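Q: For reference, the structure I am asking about is given below.
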Amino acid sequence: MSMKVSAVVVLLFFLSSCVLKDELPSQWGPLNSKCSDITILLNNMGVSSSDYGESKLSKLLVPNAEFSYRAEQIKVRAFTELNRMDIELVYDSKTVETLTLNIEEFKGCENGSFVVARSAVSNNGGALGKEWWEFKLYFTPDFLIVSKKKGVVGTLFFVPMAGTETQWLRFEKA
-1 MSMKVSAVVV LLFFLSSCVL KDELPSQWGP LNSKCSDITI LLNNMGVSSS DYGESKLSKL
59 LVPNAEFSYR AEQIKVRAFT ELNRMDIELV YDSKTVETLT LNIEEFKGCE NGSFVVARSA
119 VSNNGGALGK EWWEFKLYFT PDFLIVSKKK GVVGTLFFVP MAGTETQWLR FEKA
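The opening position of the sequence shown corresponds to residue -1 in my numbering, with each subsequent residue numbered one higher.
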């Protein structure tokens, strides 16, 4: 009997899973990035490879910042030796908030990109689950290209669910 219950749970898990994956738009060029110290001022609003998801860089990197939605530009400073990333939110040509990503979020350099990752557990309205995000930042001469990967695993009214999505975003130098 327990084998049948296990089989039903596994079947429900696979039936309620999904994967959405966008490819890097070819017109954005190659990801010829390297991890070296960088200071760059970028427009906060970016272009997405899809029609869904967040397109503000501040909401990706510092979602809980007070001025995250109001910022017009964002200054990113990455320090490879210090394994640190500083973020300045700029509104009306003035810095309105300065933040430093902590070690739990800023993972340093991996294959030519700076990696920022975070996770959260939610228990809300019949849903219980864990979400995680991973952002890979590729600095090119004219743009910042971000690979955004989001995943979730949990239950919705006791039905197991899982899914991942990958999306690309591009932010121009200000």
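For each residue, glycine too, the CB sits at the ideal point set by N, CA and C.
Just so you know, these numbers come straight off a predicted model, no measurement behind them.
1) Terminal residues of the continuous beta strand (DSSP E) containing Leu29?
2) Under a Cβ-count criterion, where at least 16 other Cβ atoms within 10 Å of its own Cβ denotes burial, should Ala69 be classed as buried or exposed?
3) Here's a check: name, in chain order, each residue in its chain whose Cβ is nearer than 7 Å to the Cβ of Phe155, leaving out the five neighbours to either side.
4) Report the start-end ranges of each alpha helix (DSSP H) in the region 47 to 117 that is 4 residues or longer and not cut off at the edges.
5) For Leu55, which residues of its own chain have a beta-carbon under 7 Å away from its beta-carbon, when the five flanking residues on both sides are left out?
6) Between the C-alpha atoms of Glu64 and Asp90, what's the straight-line distance to the nearest angstrom?
7) Suppose contacts are defined by Cβ-Cβ distances below 8 Å. Is Ser46 in contact with Ser111 by that definition?
8) Where Asn81 and Ile101 are concerned, what is the direct C-alpha to C-alpha distance, given to the nearest angstrom?
9) Take Leu29 and list the residues in its own chain whose beta-carbon comes closer than 6 Å to its own, dropping the five residues that flank it on each side.
10) If I follow the unbroken beta strand (DSSP E) through Met159, where does it start and stop?
11) Could you tell me whether any Cβ in chain C is nearer than 8 Å to the Cβ of Glu86?
12) How long is the line joining the alpha carbons of Glu21 and Lys146, rounded to whole angstroms?
13) What residue from Thr96, Thr78, Thr164 has the CA that sits closest to Lys19's CA?
14) Under 8 Å by Cβ, that's how I've got Leu126 and Thr153 pegged, so tell me the actual separation to the nearest angstrom.
15) DSSP beta-bridge partners for Asn42?
A: Let me spell this out:
1) Counting along the chain, Leu29 falls outside any beta strand (DSSP E), and DSSP gives it neither H nor E.
2) Buried, by the Cβ-count rule.
3) Gly124
4) 55 to 59
5) Leu40, Asn42, Gly44, Ile72, Phe169
6) 16 Å
7) Between Ser46 and Ser111, the CB-CB gap reaches or exceeds 8 Å.
8) 8 Å
9) Tyr136
10) Counting along the chain, the beta strand (DSSP E) containing Met159 begins and ends at 157 to 170.
11) The structure shown contains no chain C; it is built from a single protein chain.
12) 11 Å
13) Thr164
14) 5 Å
15) Partner(s): none; Asn42 has no beta bridge.
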